[in-house]
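Protein chains in written order, with this note's numbering: chain C, 2 to 358; chain A, 2 to 358; chain D, 2 to 358; chain L, 2 to 358.
All C-beta atoms, glycine included, are put in the ideal place defined by N, C-alpha and C.
These numbers were taken from a predicted model, which means no experiment stands behind them.
4 protein chains.
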Amino acid sequence: MQRIAVMTGGGDAPGLNAALRAVALAAHGRGWECLGVRASFNGLLDNGGGGVVPLPPDAVQGIGHLGGTILGTTNRADPFRWPPPGGRGEIDRSDDVLAACARHGIEALVMIGGDGTLRIAAGLHRKGLPVVGVPKTIDGDVAGAGVTLGFASAVAFATEAIDRLHCSAQSHRRVMVVEVMGRYAGWIALHAGLAGGAHAILLPEIPFDLAAVTRLLAERDARNRPDDIVVVAEGARPVRGQLFVADPAVPGRSERLGGVGAHVARQLELLTGKESRAVVLGHLLRGGSPVAADRVAALRLGDAAVQALAEGRAGVMMTLNGDVPGAIPLEEVSTWRVPVDHPLLRTARSLGVCLGE
Amino acid sequence: MQRIAVMTGGGDAPGLNAALRAVALAAHGRGWECLGVRASFNGLLDNGGGGVVPLPPDAVQGIGHLGGTILGTTNRADPFRWPPPGGRGEIDRSDDVLAACARHGIEALVMIGGDGTLRIAAGLHRKGLPVVGVPKTIDGDVAGAGVTLGFASAVAFATEAIDRLHCSAQSHRRVMVVEVMGRYAGWIALHAGLAGGAHAILLPEIPFDLAAVTRLLAERDARNRPDDIVVVAEGARPVRGQLFVADPAVPGRSERLGGVGAHVARQLELLTGKESRAVVLGHLLRGGSPVAADRVAALRLGDAAVQALAEGRAGVMMTLNGDVPGAIPLEEVSTWRVPVDHPLLRTARSLGVCLGE
Amino acid sequence: MQRIAVMTGGGDAPGLNAALRAVALAAHGRGWECLGVRASFNGLLDNGGGGVVPLPPDAVQGIGHLGGTILGTTNRADPFRWPPPGGRGEIDRSDDVLAACARHGIEALVMIGGDGTLRIAAGLHRKGLPVVGVPKTIDGDVAGAGVTLGFASAVAFATEAIDRLHCSAQSHRRVMVVEVMGRYAGWIALHAGLAGGAHAILLPEIPFDLAAVTRLLAERDARNRPDDIVVVAEGARPVRGQLFVADPAVPGRSERLGGVGAHVARQLELLTGKESRAVVLGHLLRGGSPVAADRVAALRLGDAAVQALAEGRAGVMMTLNGDVPGAIPLEEVSTWRVPVDHPLLRTARSLGVCLGE
Amino acid sequence: MQRIAVMTGGGDAPGLNAALRAVALAAHGRGWECLGVRASFNGLLDNGGGGVVPLPPDAVQGIGHLGGTILGTTNRADPFRWPPPGGRGEIDRSDDVLAACARHGIEALVMIGGDGTLRIAAGLHRKGLPVVGVPKTIDGDVAGAGVTLGFASAVAFATEAIDRLHCSAQSHRRVMVVEVMGRYAGWIALHAGLAGGAHAILLPEIPFDLAAVTRLLAERDARNRPDDIVVVAEGARPVRGQLFVADPAVPGRSERLGGVGAHVARQLELLTGKESRAVVLGHLLRGGSPVAADRVAALRLGDAAVQALAEGRAGVMMTLNGDVPGAIPLEEVSTWRVPVDHPLLRTARSLGVCLGE
């Protein structure tokens, strides 16, 4: 091997730069050259994408603690489903990716991204390009990965935010509803909700019944605990047939106001008569300096990806379960939602947290 | 003096507990008893308000670093305009406040709050109750106060949030719009925007022209700086006659989507074609442990309030301009919006920050 | 089971309160009473130790985010080696522990602590008291535990501290030496050093050769990278026979100045001529609010300990390896130092970090 | 004016980069060129100092939140007392500074630094070079400055550190002694001590009597408050004639162990029998991202410095008292220690804080 390349795909997340640093340094240590592809596949396929840049050790010096990705990224760059020059639909440009790699002398590719990116990685590997994946997603929803870069940082920030909101909840005897990212998987909501001492946690995996939340609030009120924190994943949905209380502030409308956080806050206000406020953390969860755990994991996974290439073991996603490094075939990468029998759900119930059931 | 009371009014803010601690300890040090009124005037006027509680030194031990207020507070508790038992309108219950104070043996009152609370303080003082005010508002908009408790903490958190959002802006070449509190005064937006390196800052005091922001974004794009941070105060409004671009995603509607942050983000996306995202900090700005500056100011102002009472100087709001303590008559307390010729605006323009002009 | 007790032993660490909360709530949820033993075994054996206190749900409300332990703890409270009333030596008071438990109606004990505490737990279990252990140590050195409460928080703070020191190192072209806790195990130094981008990391497990560090510094200087960060575990020691440069500031003395951090800083200054400064993080690593990961782990381990008791599985230490909960017999608990072939050492070397070899 | 230069002198402090950014952007906005002098006067006088670099807007993009100084700095670079090529003593190289400025076309100089740097600024201005000063020192000890860059950040970090140490103090019923920077002025100790809820604060300006501290500790013990926090400035000294308790661990020695923090901790342990621990914050206080207040002040002061030059008002140090910008002649710059009648000392005493008196 003489030259490899690395890219970041999908939404930005804390830890990407540490992973880039590890890939570049580990490659350099083996005497390989390392290139960085700008803006995901745009750097290989799009003239405006920034192309590829060399990543010698000096280029990755002092970036491990920085959020975002120095290479840039985008949520929309699937070479198998590329937007054609001026029209609709999608075309397959995966052959162009292979040609671009050949042109740049790129013998193997390290792709850092979430399930979308890793699916593309599997596709390219199938076509003959040696690819190794590194799991990255703040949602934490890649099965078998153990660690996905950005998850620990997102949970840390969400927890800090919940800590802050306890103050208002207690001072004003209010319900504070915190909406966190997680369209399909509730891992952030579950971890941050538990860490932040939330009284109710609503996940995409468990359709919620607001009557259950209302019961909890009433019971807390009865114990003179009038401050309530409800954490809601953006993808949480009510149980089928849940009727909403008509909102006098929105005459003639029965549909939801804003996102699920605003909806839950307003409905709880109508159902309980208690002042409720919603806060949406959104993109705040993606930014900022990665927490130490994400940095160490990023360095380990990036280094392991290079080692896998050195050993001729491409076609895999590197994993880190607890302290144990490993790899699983890219073909077997799948999404990991919160299983209904996960021990953490048991712990939540055991601590008296309402899961909207 | 043998017995005083202290209360917190209006929205919660970091620094209230440090101020309570200072009032209680300073009173105790003079041999006075200090009571705490629960939930603003509810503690004096409403049976459910929690009444008054003694605040001996032990009750305020170790609370200086805590956000919120151990006494509780509420935004809606004006004894001069109190909701009558079961009906509409308002009644004046200020005499009941004086009676309640007499009943509890309260000889003087320290009121910690924003302009609403301080106006009530002036009214009660006029009626004969010795009152001293301590300025508290995260918006920083009390004229002459120098420091208002919570402002430094709110600016610190908003700045941290902006720091985080730079990551996404840079990685995705996006416009990130950050909406901060400030319905009438833009101090938080101005300070946090400058501290966070925002490229545009939109204030309630300066009606904004999105064409100016669009020009800045185009100019930055031309210099290959595609990451943009726009900070918007919740009370910022467009210049009269500003036409909005029709939003194809909202057929048949010309009105604004959501708050001003979401509106600005969507309009900039339509005007420039660049991906834009909005984040609303909202109540996150009120919570959390007060920063050191708010704590020190709270201790100074709380102690000074007790000293003013000891010296027979009631009817004033304590102030702290830089390192210089002082006081101004409660009758003269007024709101402080960003003056059009404030030196900080000059600095913003000098640094190339767009103010939407 | 009708009544259990919980205690914290050894040095304080972030996460203890979350674990106490989980034990108390999980016990309560099963209809058991939960007591808290104050100040480790002092609460059972010493009249001044504070005795035992009931821990109903209200007593553990809102404590999950607090550092320290509400029960108190001490480093010196081994009932098998208890200081006799007024003299020297040690006496075995383990029977008194069992008697005290019987007196209080304590049927089982959850002990949260490090290897010392867990060894005592094994001893008491052997004597017939049902005991379950929860691993706690900022050093992260309990074999098989996966998580030890406090480690993640200590690494997070050490990493933040290293981030700060980069500023001075770069601005002054200095060597900054950071000493972290870890008398026998270098896990904190290794994780925080990697996360913080340290250029050299010295561990108790690898005797260090300052010549290796000096070579690295010279090489970095040659590449115009004059800022250097060296992380040293407090228990790191030089290779046998390492000669020290005589210190002209300490005439006639060859011995070390202060701790190993100060020593390394001074020696590097003498060896390289570069300005060097040492910082000792010490007890800063133990305090503060636990990071989210420590809180979630504490809740899981505490809940699992109660579940183990409910299932009649005493005599074990609860574990959490990655996402996988488990348990190992208390008899098999052992210390976990950094193995010389640990993959993280490989990663460190692969990234060009000097390990003093 | 066509070309100015800016430099940073003395120890690094948070806020320097924001000030550099403001000077460069404000100069650019006026059509001037701005140069940066590397490593204080080394950049003008020493071939190895790095010389001067242009600072166009792009060079100062995105640096406002970074700690340290991108120009580098040093504590030892006084052109009036420069070390001669290979020998002892000092020579006056101020003429060389003027010559170097002339050579580079530098018409005026903005110098950002503490009292040492500002004294040099006055000297150079006296010799005909237009100089404007910007006050920077974490110690906060420049009279009339109002703000000195770095002070707010240092106090914020010290306060956070004290917050952390409360956990250990409470859990172990210990005395925690925290030593902060401040050789001659106790501002950091006073502000952080108050903000952190310290029970005793020892300043360089008030020689301390350990008997007073011991009395406080005994009194707190009697009220069952066994956790004690003592904040000590590094320059704090005992009252004349204070006798130390002989330390059995150091036979034959009466002198102090380590710095004043370690000394106070050990003496308190000997005097009270309570476990005591010392932590020295040292260089941790200088690093890290500046807090928002330091950033805003840096931008204001840097911009004001350029404006002063534009208005022909050189020879001054820019000031910011509360919200009020101003300037004082460089010749009148003096050191500001804690005055014995400062209102903050009164507040400290009023809150029951022991000042070692």
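| Query | Result |
| --- | --- |
| Classify residue 136 of chain L as helix, strand or coil using the three-state DSSP reduction. | strand |
| Just how far apart, CA to CA, sit residue 240 of chain L and residue 270 of chain D? | 35 angstroms |
| Which residues in chain L have a C-beta closer than 8 angstroms to the C-beta of residue 164 of chain A? List them in chain order. | 66 and 290 |
| For the region 166-180 of chain D, which residues have a CB atom closer than 8 angstroms to at least one CB atom of chain L, in sequence order? | 166, 167, 168, 169, 171, 172, 173, 174 and 177 |
| Would you check if the distance between the CB atom of residue 266 of chain A and the CB atom of residue 176 of chain A is smaller than 9 angstroms? | yes |
| Below 8 angstroms on the Cβ atoms is my guess for residue 5 of chain A versus residue 121 of chain A; work out the distance and round it to an integer in Å. | Rounded, the Cβ-Cβ distance is 17 angstroms, inconsistent with contact. |
| Quick one: Cα of residue 350 of chain D to Cα of residue 196 of chain D, how far? | 14 angstroms |
| May I ask you to list the residues that DSSP assigns as paired with residue 201 of chain C? | C:231 and C:355 |
| On a Cα-Cα basis, can you pick out the residue from C:132, C:24, C:151 and C:173 that is closest to residue 75 of chain A? | C:173 |
| For a test of the three-state rule: what should DSSP assign to residue 188 of chain D, helix, strand or coil? | helix |
| Helix, strand or coil for residue 121 of chain L, going by three-state DSSP, please let me know. | helix |
| For chain A, check one thing: does any of its Cβ atoms lie closer than 9 angstroms to the Cβ of residue 306 of chain L? | no |
| Mapping the DSSP letters down to three states, classify residue 221 of chain C as helix, strand or coil. | helix |
| Taking beta-carbon pairs under 7 angstroms, can you tell me which members of the region 8-21 of chain L lie near chain D? | 13 |
| Could you list the residues in the region 64-88 of chain A with a C-beta less than 9 angstroms from some C-beta on chain C, going in chain order? | 67, 68, 69, 70, 71, 72, 73, 74, 75 and 76 |
| So, do the region 136-144 of chain C and the region 39-53 of chain C have three or more beta carbon pairs nearer to each other than 8 angstroms? | no |
| So what does DSSP say about residue 163 of chain C, is it helix, strand or coil? | helix |
| Examine the Cβ distances between the region 47-54 of chain C and the region 123-136 of chain C and report whether three or more of them are shorter than 8 angstroms. | no |
| With a threshold of 8 angstroms on Cβ separation, who are the neighbours of residue 93 of chain L within its own chain once the five nearest residues in sequence on each side are excluded? | 80, 81, 82 and 83 |
| Please state if the CB of residue 182 of chain C and the CB of residue 282 of chain C are separated by a distance shorter than 9 angstroms. | yes |
| At least one CB of chain A closer than 9 angstroms to the CB of residue 152 of chain C: is that the case? | no |
| Please list, in chain order, all residues of the same chain as residue 68 of chain C whose beta carbon is under 6 angstroms from its beta carbon, the five residues on each side excluded. | 15, 288, 289 and 290 |
| Is there a Cβ from chain A that is less than 9 angstroms from the Cβ of residue 294 of chain C? | no |
| Specify, as a first and last residue, the run of the beta strand (DSSP E) that residue 1 of chain A falls within. | Outside the displayed range of chain A (2 to 358) lies residue 1 of chain A, so it cannot be described from this structure. |
| Do you know offhand how far residue 305 of chain A's Cα is from residue 339 of chain C's? | 55 angstroms |
| List the residues of chain C whose Cβ lies closer than 9 angstroms to the Cβ of residue 301 of chain D, in chain order. | 195, 344, 345 and 348 |
| Reducing DSSP to helix, strand and coil, say where residue 50 of chain A ends up. | helix |
| Hey, which unbroken runs of the alpha helix (DSSP H) at 4 residues or more fall wholly within the region 43-118 of chain A? | 43-46 and 95-105 |
| Measure from the C-beta of residue 183 of chain L to each C-beta in chain A and report whether the shortest distance is under 9 angstroms. | no |
| Counting only Cβ pairs nearer than 8 angstroms, list the residues of chain L close to residue 223 of chain A. | Those do not exist, as residue 223 of chain A stays about 13 angstroms from chain L at its closest Cβ, beyond 8 angstroms. |
| Taking the straight line between their C-alpha atoms, what separation do you get for residue 140 of chain D and residue 259 of chain L? | 26 angstroms |
| Considering just the uninterrupted stretch of the alpha helix (DSSP H) at residue 320 of chain C, what are its terminal residues? | First-last for residue 320 of chain C: 317-322, but that is the beta strand (DSSP E), not the alpha helix (DSSP H). |
| Could you say if the region 199-208 of chain D and the region 227-235 of chain D meet the contact criterion of at least three C-beta pairs nearer than 8 angstroms? | yes |
| Chain A beta carbons: is any one of them nearer than 9 angstroms to that of residue 335 of chain L? | no |
| Where residue 337 of chain A and residue 357 of chain A are concerned, what is the direct C-alpha to C-alpha distance, given to the nearest angstrom? | 21 angstroms |
| Enumerate in chain order the residues of its own chain whose CB-to-CB distance from residue 329 of chain D is below 7 angstroms, with the five nearest sequence positions on each side excluded. | 145, 317, 318 and 320 |
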